[in-house]
Amino acid sequence: NSKVIQTPRYLVKGQGQKAKMRCIPEKGHPVVFWYQQNKNNEFKFLINFQNQEVLQQIDMTEKRFSAECPSNSPCSLEIQSSEAGDSALYLCASSPNTEVFFGKGTRLTVV
Amino acid sequence: GQGVEQPAKLMSVEGTFARVNCTYSTSGFNGLSWYQQREGQAPVFLSYVVLDGLKDSGHFSTFLSRSNGYSYLLLTELQIKDSASYLCAVRNTGKLTFGDGTVLTVKP
């Protein structure tokens with residue numbers, strides 16, 4: 003069973019507002035991922051970290067999203083100015099090496 | 172291009188079996204994972220394979236053929252509660268590339 007903890011479970015924001023979600027990866031897992039799953043259940047990779055350093059990120063993440071994974075603090079993903087199209091399930095996952103385990107997600111609704 | 176393909180739907184009968192297929196074409200390969208996802212919930216890890224062959228884990232077994240870019244998840248002795256979406260995900264270049272999932276419906 004996954005021990006990745008995400009908060010909050012649900013988040014409602016108005017357009018233009020900041021939206022911030024947090025993730026505590028499983029202890030001992032150096033790699034952390036953020037994915038967005040839309041209403042069609044399609045997964046979009048956003049960003050991943052290894053030991054607090056960004057490994058890869060997509061364009062969208064560079065521009066409107068900010069993420070960090072500081073040592074001794076939860077990882078976070080923040081949308082600077084929420085748009086309606088950002089409404090989705092945001093999934094954090096961590097990995098010790100090969101297997102990847104997901105948290106329960108933060109469901110963001112932008113109204 | 173890079174892609175992970177799965178059939179959209181699959182139907183089977185309680186007490187029998189179901190085989191969920193996955194084909195992939197990616198620029199690298201560092202293993203393939205299967206997840207179960209129920210409506211409105213996060214994916215639950217089921218299995219990870221990186222070597223060819225069948226990995227028997229009881230209720231769930233997984234098969235991989237790297238030369239064919241093919242894997243399947245086999246569910247045996249199906250129960251109604253196995254009805255869910257099953258996701259195939261390939262690990263490559265450091266991240267997971269997901270298929271769109273196969274919705275399995277188990278009928279009485």
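Note that the protein sequences, when read in sequence, are chains A and B. In terms of the numbering used here, the first sequence opens at residue 3 and continues consecutively. In terms of the numbering used here, the second sequence opens at residue 172 and continues consecutively. Where is the CB? At the ideal position from N, CA and C, for every residue including glycine.
First through last residue of the beta strand (DSSP E) which encompasses residue i
i: residue 57(A); result: 55-59
i: residue 217(B); result: 215-220
i: residue 22(A); result: 21-26
i: residue 111(A); result: 108-112
i: residue 176(B); result: 174-176
i: residue 202(B); result: Counting along the chain, residue 202(B) falls outside any beta strand (DSSP E), and DSSP gives it neither H nor E.
i: residue 1(A); result: The structure shown has nothing for residue 1(A), since chain A only spans 3 to 113.
i: residue 15(A); result: 12-15
i: residue 278(B); result: 273-278
i: residue 7(A); result: 7-9
i: residue 38(A); result: 33-39
i: residue 263(B); result: 255-263
i: residue 179(B); result: Premise fails: residue 179(B) is in no beta strand (DSSP E) and is neither H nor E.
i: residue 234(B); result: 231-236
i: residue 227(B); result: 224-228
C-beta atoms of residue i and residue j nearer than 8 Å
i: residue 34(A); j: residue 25(A); result: yes
i: residue 60(A); j: residue 21(A); result: no
i: residue 219(B); j: residue 28(A); result: no
i: residue 2(A); j: residue 23(A); result: Residue 2(A) is absent from the structure shown; chain A starts at 3 and stops at 113.
i: residue 277(B); j: residue 249(B); result: yes
i: residue 184(B); j: residue 268(B); result: no
i: residue 4(A); j: residue 188(B); result: no
i: residue 73(A); j: residue 54(A); result: yes
i: residue 37(A); j: residue 109(A); result: no
For residue j and residue i, believed in contact at Cβ under 8 Å, the rounded distance
i: residue 197(B); j: residue 239(B); result: 13 Å between Cβ atoms; not a contact.
i: residue 103(A); j: residue 95(A); result: 6 Å
i: residue 85(A); j: residue 77(A); result: Going by Cβ atoms, the distance from residue 85(A) to residue 77(A) rounds to 22 Å, so no, they are not a contact pair.
i: residue 67(A); j: residue 48(A); result: 7 Å
i: residue 114(B); j: residue 43(A); result: Beyond the ends of chain B as shown, which are 172 and 279, falls residue 114(B); an answer cannot be given.
i: residue 244(B); j: residue 233(B); result: 6 Å
i: residue 261(B); j: residue 203(B); result: 5 Å
i: residue 191(B); j: residue 257(B); result: 5 Å
i: residue 57(A); j: residue 265(B); result: 5 Å
Closer than 8 Å to chain D by CB, residue i
i: residue 101(A); result: In the structure shown, chain D cannot be found, because the protein chains are A and B.
- Message: Please give the ranges of any alpha helix (DSSP H) in the segment 58-102 of chain A, keeping only runs that are unbroken, at least 4 residues long and fully inside the region.
- Response: Runs found: 61-65.
- What residues in the segment 238-267 of chain B bring their beta carbon closer than 9 Å to a beta carbon of chain A? Residues of the segment 238-267 of chain B that bring their beta carbon within less than 9 Å of a beta carbon in chain A comprise 256, 258, 260, 262, 264, 265, 266 and 267, in sequence order.
- Message: Along the segment 193-207 of chain B, where does the CB come closer than 9 Å to a CB of chain A? Name the residues.
- Response: With the criterion set as a beta carbon lying under 9 Å from some beta carbon of chain A, the members of the segment 193-207 of chain B are 201, 202, 204 and 206, in sequence order.
- Query: Looking at chain B, which residues of the segment 40-60 of chain A have a Cβ within less than 7 Å of any of its Cβ atoms?
  - Reply: Answer set for the segment 40-60 of chain A: 43, 44, 45, 47, 50, 57 and 58.
- Message: Along the segment 60-91 of chain A, where does the CB come closer than 7 Å to a CB of chain B? Name the residues.
- Response: Taking 7 Å as the cut-off between beta carbons, none of the residues of the segment 60-91 of chain A comes near chain B.
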